[in-house]
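The numbers in the working numbering rise by one with no breaks, and the one at position 98 of the sequence shown is 98. By construction, the Cβ of each residue, glycine as well, lies at the ideal position given by its N, Cα and C atoms. Read through the structure below, which is laid out as C-alpha cells, and then see the notes.
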Amino acid sequence: AFATVPGAVCAVLTADCLPVLLCDRDGTRVAALHAGWRGLVGGVIEAGVSALDVAGDKLLAWLGPAIGPSAYEVGDDVRNTFVSLDKEMAESFTPVPNRPGHWLADLYDIARRRLRSQGVHEIHGGLRCTLRERNLFYSHRRDGTCGRMASLIWLDKHAR
C-alpha cells in the first residue's frame, strides 16, 4: 500500500515476514510492504519503490521485526529461486550444519540488496528476530496460530 495524501495510513500485518516501510525525504509519499520470501522474489520492493514514483536516493527505508538470519531455515528450493534471479543472493544464505539442503535465510540482507538495487541506500532497522524474541513479537514459525503485528506509516496532516 502507498499513500500521497496526509492522513491516509498504510499498514502491513506480519508474524515472521518482513515489514518494509518507505518514505520520501520530502515527506510527501509513504508505503508499507509485506516482504516474505515470496514477496521478495516477486518484486514487492521494486513495485513499492516504483509506486512512490521518486528516485531511490530520495527514499528512506525501515525494516521492521521479522524472523532473523539465525532462525529462518529454508530448503534448497527457496535458496535456488533467489540465486537464479541474482547469483550474489547466495551470500544471504548460510548452510545449516549437518542438514544438507537446508539453509538459514537472511531476509534483512535480501531486502537491503533489493533496496540498494533500486537506489535506496538509507536503510534502518532490521535488527530483531520475531522467533527468538518471544516476549516481544508474534512468530508464526514458533507458535503456529498466533496474532499479527501491525507496522504503520502515514503522512501527518499537520507536518506540511
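From glutamate 122 to glycine 39, what distance separates their C-alpha atoms?
To locate residue 122, count along the sequence shown from 1; it is residue 122. To locate residue 39, count along the sequence shown from 1; it is residue 39. Their Cα atoms are separated by approximately 21 Å.
Looking at glutamate 46 and arginine 113, is the spacing between their C-beta atoms short of 9 Å?
By one-based count along the sequence shown, residue 113 stands at place 113. By one-based count along the sequence shown, residue 46 stands at place 46. No.
Using a Cβ-Cβ cut-off of 6 Å (strictly less than) and excluding sequence neighbours within five positions of leucine 59, which residues of its own chain qualify?
Your numbering for residue 59 matches position 59 in the sequence shown. Only Leu22, Asp24 and Val120 meet the Cβ criterion.
Extract the residue ranges of the alpha helix (DSSP H) inside the segment 3 to 86, only unbroken runs of 4 or more that lie entirely within it.
Entirely contained in the segment 3 to 86, the alpha helix (DSSP H) runs reaching 4 residues are, in chain order, 37 to 42, 44 to 52 and 76 to 85.
Skipping 5 residues on each side, what residues in its chain have a beta carbon closer than 8 Å to that of cysteine 146?
Residue mapping note: residue 146 aligns to position 146 of the sequence shown, counting from 1. Here the set comprises Ala15, Tyr138, Ser139 and His140.
As a quick exercise: from Ala111, Ala90 and Asn80, pick the residue whose alpha carbon is nearest that of glycine 162.
The structure shown does not extend to residue 162, since the chain is modelled only from 1 through 160, so no value can be given for it.
Can you find the residues in the same chain that come closer than 8 Å, C-beta to C-beta, to alanine 55, ignoring five residues on each side of it along the sequence?
Here residue 55 corresponds to residue number 55 of the sequence shown, with the count starting at 1. Gly119, listed in sequence order.
In chain order, which continuous runs of the alpha helix (DSSP H) of length 4 or greater are located wholly inside the segment 82 to 135?
107 to 117, all fully within the segment 82 to 135.
In angstroms, rounded to a whole number, what distance separates the CA positions of glycine 144 and aspartate 156?
Within the sequence shown, numbered from 1, the residue matching residue 144 stands at position 144. Within the sequence shown, numbered from 1, the residue matching residue 156 stands at position 156. Their backbone Cα atoms lie some 36 Å apart in a straight line.
In the DSSP assignment, the beta strand (DSSP E) including leucine 152 goes from what residue to what residue?
The residue given as residue 152 occupies position 152 in the sequence shown. Counting along the chain, the beta strand (DSSP E) containing leucine 152 begins and ends at 149 to 154.
For cysteine 129, which of Ala105, Pro65, Tyr108 and Val78 has the nearest alpha-carbon?
Taking the first residue of the sequence shown as position 1, residue 129 is located at position 129. The residue with the shortest Cα to Cα distance from cysteine 129 is Pro65.
Given that a residue counts as buried once 16 or more other Cβ atoms are within 10 Å of its Cβ, and exposed if not, what is aspartate 106?
In the sequence shown, counting from the first residue as 1, residue 106 sits at position 106. Buried, because 16 or more other Cβ atoms sit within 10 Å of the Cβ of aspartate 106.
When the Cα atoms are used, what is the spatial distance from asparagine 98 to serine 70?
Taking the sequence shown and counting its residues from 1, one reaches residue 98 at position 98. Taking the sequence shown and counting its residues from 1, one reaches residue 70 at position 70. Rounded to the nearest angstrom, the two C-alpha atoms are 15 Å apart.
For glutamine 9, is the classification buried or exposed, using 16 other Cβ atoms within 10 angstroms of its Cβ as the cut-off for buried?
By one-based count along the sequence shown, residue 9 stands at place 9. Looking at the sequence itself, residue 9 is valine, so the reference to glutamine does not match. By the 10 Å Cβ count, valine 9 comes out exposed.
Return the chain-ordered list of same chain residues with a C-beta closer than 6 Å to the C-beta of isoleucine 153, the five sequence neighbours on each side being excluded.
Here residue 153 corresponds to residue number 153 of the sequence shown, with the count starting at 1. Excluding residues within five positions, the ones whose Cβ falls inside 6 Å are Cys10, Leu21, Val30 and Ala32.
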